[in-house]
Structure formats: C-alpha cells, structure tokens
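Asks: The structure is given below, and queries will be raised subsequently.
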Ligand code: NOJ
Ligand code: MG
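Residue numbers (my numbering): 188 to 780.
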C-alpha cells in the first residue's frame, strides 16, 4: 500500500518535472522580491555605431563631436548608457574592429580632447558611456604585430604563430583546416617570419595569444586606461573566440570536423567550431576582467563599471560568463536569442522559445537582457516587418532585465540598399557580386536618419561613406517626434513606463504563447500595478480571451497604456480582457493603474 503510494507520488513528480515542455507552455517565475537594483539591471542600453551616427565636419563619416552633439537626443529618449562601437586608431579594414593603437582615437573620428569633451558632456547629462573592447585581435598595422613579425624581444609570442605543414608534394599548407569568419583559411603565411599566424577574422586582424601573460596584462592595462578616462564599462567583442585549443606535444593543431551545414568550403559554418570557440580558459579571462572593473570602482568610487559580453555561444557556455558561486563574471552577457532564433521569421511560439532559452537557463540572481538588433545583423524592422517594430520594442522593454537598442531601431529604420560597388564591409567584399547580399552588414550600417534634409541630416558631405536609406523622408527623428503617433513616441512611452514602474523593475513574470500568433507577458508585484504585454506577431488578425486562456486572476478590464502606431485602440481608454481583437503586428501594454 505504502509502496504503491510512494510510486504514485514519484511518478507524479517525474511527470511534472521531466515531461518535455509543451510548445505553448506558460512560464511562471517564482523568485522572491529582490534587493535594491543597480543602474545596469534596469537601464536602457543604446548602441551607437559612431561612423554612421552624426558627422560634424562634413566628410561623410560620423565622428565624436557628432556623437556629443546628439547626447541630448539620447537623454530625451531615456537612454541610461550608450555603448560606442570602436573609436580607436584603425586602418578600418573591419571598420574599427581592427585596432592599430588601443590607446588613441581614430583621427577621422576626432582627438583625445574630443573624447574627453564627450565624456564631460555625458556626465552633465547623467548619461553613461561604454566603450567597445576588442580583446581577441589587433590590426596587422599595430606596433605589437610589427614587432612580433620581427621577433622583437617581448613580442615574439604576442600572436599565435605556427610553423607550416607540407603536403606529400612538398607544398606548404596551413597548420590546420580552421576557417575565419569572413571566408577562407584562418591561417596566413608571413614571409618575413616564415610562419603562419592565426586570424579568426580578416587577414588584417591577427589573433592575440592569450597564453602569453604579457598579452593578458597589456589588455588589462587598456581596460584601466579607458576606465581612468571616465567610461562606465565595456562591451567586449568576439569573446568566445579568445582561446583556441592547444596544439599537441609536436606542435600540431587538430582539424575541425565538418559540420554538414553547408557545401561551401570557404564558409566558416562548413566546419564545427569545437576547437576554436567556447574554451574554458575564456570564461576565466572574463572573471579576470571583472576583477579589473571591481578594483577600479573600489579605488576610485562612483557607480558600478559594467562588462557586457558579445557572445553567440550556446546557453551552457554563455551562462558561465555571468560568474559562479564564488567568482563574479560579466554583468550582462548579451542575449541575442531574439535575433538568432527569429532569423527565419517571427511567431509567438518562436518568441516563447527564445525567452525560455534565456530565462530558464540563467543562474539564479542574475540579470537578463534583451537585444533586438546590432551592426552585424539586418535591421529589426526589416527582419520582423515594419508593422511589428513597436510590438518587438515593447517586448524588449517589458521582459525582465536590461533592454538594448541598436541606433535607429527606436524610429524603425530599415536596411538600406547598398550595391556591390558601394559595399564596404569585408564580409561582403570577400565574396562576389552575386552572393554578397547574403553576407553584407552594410545595410544595417547606413547613416542615422535625423530629418528630411540632405543626407537625412547626418552629414553635409556630397557623398556619405554608405548611402542613406531611401525612406529617410518619412522614417526620421524629426518627423516622428512631430507626428501624433510614431515609433519613437511608442519607444519613449515604454522607457517612461520602465523608469516609473516598480513592477517592471522588480516584479515577477509569467508569459505564454496563446497560439502561433499571440504572445503575452504579465509583470506583477505585490502592492504595485500589474502590467500586461500582448501582441499579434503572426500574419492574421486574432480575437482572444485573456482571462480564461492566460490568467484567471486578471481583472475584467485594464487600461491601455501604450499601443503600437497602427493600432486603433486609444491610449488611456479601458480594454475588456475577455475580448481583445489584435491586427497583424499590433502590440499593447496594459496596466491596472
Ligand atoms: C564582432 C563585431 O560585432 C563585428 O562587427 C566584427 O567584425 C567582429 N566581432 C570582429 O571584431
Ligand atoms: Mg566626420
């Protein structure tokens, strides 16, 4: 009898915990209310791509004075901290991600004085500035690389140098089959040094050797140098590729296996990436950088300096970046799930999976974050469709944790048209005119659209470095701010709500895909208002009953706080929860307050 009862209880528990989650499952967070949150846990992060943000001197290229002149704009839309893609001295092969002097500013962007002015003005406005830290590689024009090629003392092992292999005919071949991100071998022969060097990105971006303590120290020195200039932290570039596996005792690097994902042998995804990404040593290096940040704060005081990590790694790896029970790591490893998991179209069930994949894997006590776009992926409005921009901006702001906006997504900028002849991105230029569009990152990097003037108000130049997108006369800051309803107004209302709502900052959450189209999030906190986000991400109109299908404890009506641009529903009016009709792309934020 007892054993039967025990078996019954065990089976029930097994069923509850081990059954695969239904696709339309509902996720409930049971975390207790937390202590006072720090600025980065509830803040709005904003990515500036300086080359395309604002040009102050009419050369067609954005610059630091341009950024400084627009800081008030960032303040006005409610940004907490802006991170700048690289502004350091660079031959611009990969537009600043190939740095030749990590301690100075690229002349076409300005001077160190311009940078100090930017920091000072940001401080006056209470805006935080975060820099891009590119630890994996330098430019081949850096002094370090030149010295390393020449085997100068102290620089011999600054990069990953390896002897050649030879095939049966005596031809020189690279040390392994590893592929770089922009097509072709990750190894380049250097005539002078008579060795190959590793480059996970372009030939002009040699990988630094993190197994050399002098490199580790140099890179920490760079962090300290810019912290001393008053920056609030770093976005760390390409972190999962920092370390590669060690060669064997004969100095031979093992080959990667084929992935089976593509037949194109020059495409990086032709091979698995087990040996050149996601190594355990990289996690430790993040923890070491965190120590640098915390030491700086302890010594100089002030607000927390943050580490944001660029990572497209799987959850088992990314989640370790946060730290463990004894050691702190990154404040926020970027969560790109809303980009990577929605690449082939958006639906409520795909969004559910993207959200689950972060929140259900995140270690307790850590802070989530939501990124919808960046300078490496097509524009959100192009990927999701302009009619879904508001619904997606709402999602990023209503889900728990920090929100991250790529410049222009607040006004619904779409991908610009960039022809093969106009292409600048090495990811495109390393291909050919028939396939470049699949690889090019130029369309999401076209100049920011400020107004209806020449070059969308970005520059007075005859020609800008990339062409301005065609739709700038309707999609721009000035026109949208003057309109009754616009993407930027939705965005600003969302930020205002986040800033004022304890529920959004501290509340628990529950979310559900009601079907393929409808996604709902509830945020709630004892003693505060309840907030509901609901959107139709599908391709057909829907009418739904939220009280029976989602949460029976909801009231009969709630107030419409924010509605997407094309919605016919009036903000400030009440909405019957058992009968909500939603057009394609329509998004609503409701509140009990
Ligand atoms: C990631 C950056 O976001 C991308 O733009 C760059 O090309 C690579 N890292 C290499 O630094
Ligand atoms: Mg300029």
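The beta carbon of each residue, even a glycine, is placed where N, CA and C say it ideally should be.
If you run the structure through DSSP and keep just helix, strand and coil, what is residue 678?
Replies: Of the three classes helix, strand and coil, the one that applies to residue 678 here is helix, per DSSP.
Asks: Run through the DSSP bridge pairs and tell me what residue 228 is partnered with.
Replies: Bridge partners of residue 228: none, in fact.
Asks: Report, in whole angstroms, the separation of the C-beta atoms of residue 288 and residue 276, which I expect to be a contact under 8 Å.
Replies: That belief holds up - the Cβ atoms of residue 288 and residue 276 are roughly 4 Å apart, short of 8 Å.
Asks: What's the gap between the Cα of residue 615 and the Cα of residue 605?
Replies: C-alpha separation (whole angstroms): 11 Å.
Asks: For a test of the three-state rule: what should DSSP assign to residue 302, helix, strand or coil?
Replies: Note: residue 302 maps to helix in three-state DSSP.
Asks: Output needed for residue 647: all residues of its chain with C-beta closer than 6 Å, excluding positions within five of it in sequence on either side, in chain order.
Replies: Here the set comprises 245.
Asks: Taking 6 Å as the line, does the beta carbon of residue 248 fall inside it for any heavy atom of the ligand MG?
Replies: The answer is yes for residue 248.
Asks: Can you tell me whether residue 208 is buried or exposed, with buried defined as 16 or more other CB within 10 angstroms of its CB?
Replies: In this prediction, residue 208 has a pLDDT of 43, which is less than 50 and means its spatial position is unreliable; what the coordinates show is noted afterwards. Exposed is the call here.
Asks: I want to know whether the stretch 326-345 touches the stretch 386-401 - three or more CB-CB distances under 8 Å.
Replies: At 8 Å Cβ cutoff, the stretches touch.
Asks: By Cβ distance below 7 Å, which residues in the same chain neighbour residue 262 in space, the five residues on each side in sequence not counted?
Replies: Excluding positions up to five away in sequence, the list reads 312, 314.
Asks: Could you tell me which residues DSSP puts in a beta bridge with residue 781?
Replies: Nothing about residue 781 can be read from this structure; the chain reaches only from 188 to 780.
Asks: If you draw a straight line from the C-alpha of residue 567 to the C-alpha of residue 410, how long is it?
Replies: C-alpha separation (whole angstroms): 31 Å.
Asks: In this structure, how does DSSP classify residue 310 when only helix, strand and coil are distinguished?
Replies: In the structure shown, residue 310 sits in a helix (DSSP, three-state: H, G or I).
Asks: Flag residue 300 as yes when its Cβ comes closer than 6 Å to any non-hydrogen atom of the ligand MG, and as no otherwise.
Replies: Because no heavy atom of the ligand MG lies under 6 Å away, the Cβ of residue 300 does not count as near it: no.
Asks: Give every residue whose Cβ lies closer than 7 Å to any heavy atom of the ligand NOJ, listed in chain order.
Replies: With the cut-off at 7 Å, the residues found are 281, 284, 321, 323, 324, 368, 388, 392, 424, 425, 497, 561, 562, 563, 628.
Asks: Looking only at its own chain, which residues have a Cβ that is under 7 Å from the Cβ of residue 451, when we skip the five neighbours before and after it?
Replies: Excluding residues within five positions, the ones whose Cβ falls inside 7 Å are 457.
Asks: Can you tell me which residues form a DSSP beta bridge with residue 423?
Replies: According to DSSP, which records beta bridges pairwise, residue 423 is partnered with 320, 496.
Asks: Residue 730: which of 522, 551, 702 sits nearest, CA to CA?
Replies: Cα-wise, what sits closest to residue 730 is 702.
Asks: Just checking residue 244 against the ligand MG - is the residue's beta carbon closer than 6 Å to any of the ligand's heavy atoms?
Replies: For the ligand MG, at least one heavy atom lies less than 6 Å from the Cβ of residue 244.
Asks: What does residue 768 pair with, by DSSP beta-bridge criteria?
Replies: 730, per the DSSP bridge assignment.
Asks: State the DSSP-derived secondary structure class of residue 409, mapped to helix, strand or coil.
Replies: In the structure shown, residue 409 sits in a helix (DSSP, three-state: H, G or I).
Asks: How about the stretch 426-434 and the stretch 496-504: do they share at least three Cβ pairs that are nearer than 8 Å?
Replies: Yes, the stretch 426-434 is in contact with the stretch 496-504.
Asks: Measuring only the C-alpha atoms, how far is residue 610 from residue 653?
Replies: Roughly 8 Å between the two C-alpha positions.
Asks: If you draw a straight line from the alpha carbon of residue 528 to that of residue 521, how long is it in whole angstroms?
Replies: Cα to Cα, the separation comes out at about 14 Å.
Asks: If you follow the beta strand (DSSP E) that residue 382 is part of, which residue opens it and which one closes it?
Replies: Segment 382-385, the beta strand (DSSP E) holding residue 382.
Asks: So what does residue 275 bridge to, in DSSP terms?
Replies: Looking at the DSSP assignment, residue 275 forms a beta bridge with 292.
Asks: I'd like to know whether the C-beta of residue 373 is nearer than 7 Å to at least one C-beta of chain C.
Replies: Absence of chain C from the displayed structure is noted, only one protein chain being present.
Asks: Give a yes or no on contact between the stretch 573-586 and the stretch 704-724, applying the rule of three or more CB pairs nearer than 8 Å.
Replies: At 8 Å Cβ cutoff, the stretches touch.
Asks: Which stretch, first to last residue, makes up the beta strand (DSSP E) that contains residue 589?
Replies: Where residue 589 is concerned, the enclosing beta strand (DSSP E) stretches over 589-593.
Asks: Check the C-beta distance from residue 480 over to residue 417 and give it rounded, since I have them as a contact under 8 Å.
Replies: In fact, because the Cβ distance is near 14 Å, the residues do not count as touching under 8 Å.
Asks: Whole angstroms is fine: what's the gap from residue 175's alpha carbon to residue 545's?
Replies: Residue 175 falls outside the range modelled here, since the chain spans only 188 to 780, and no answer is possible.
Asks: With contact counted as at least three CB pairs below 8 Å, one residue from each stretch, are the stretch 266-274 and the stretch 662-674 in contact?
Replies: Verdict: no, contact absent.
Asks: So what does residue 269 bridge to, in DSSP terms?
Replies: Paired residues: 233, 316.
Asks: Nearest CA to the CA of residue 475: which residue from 459, 510, 506?
Replies: For residue 475, the nearest C-alpha among the options comes from 510.
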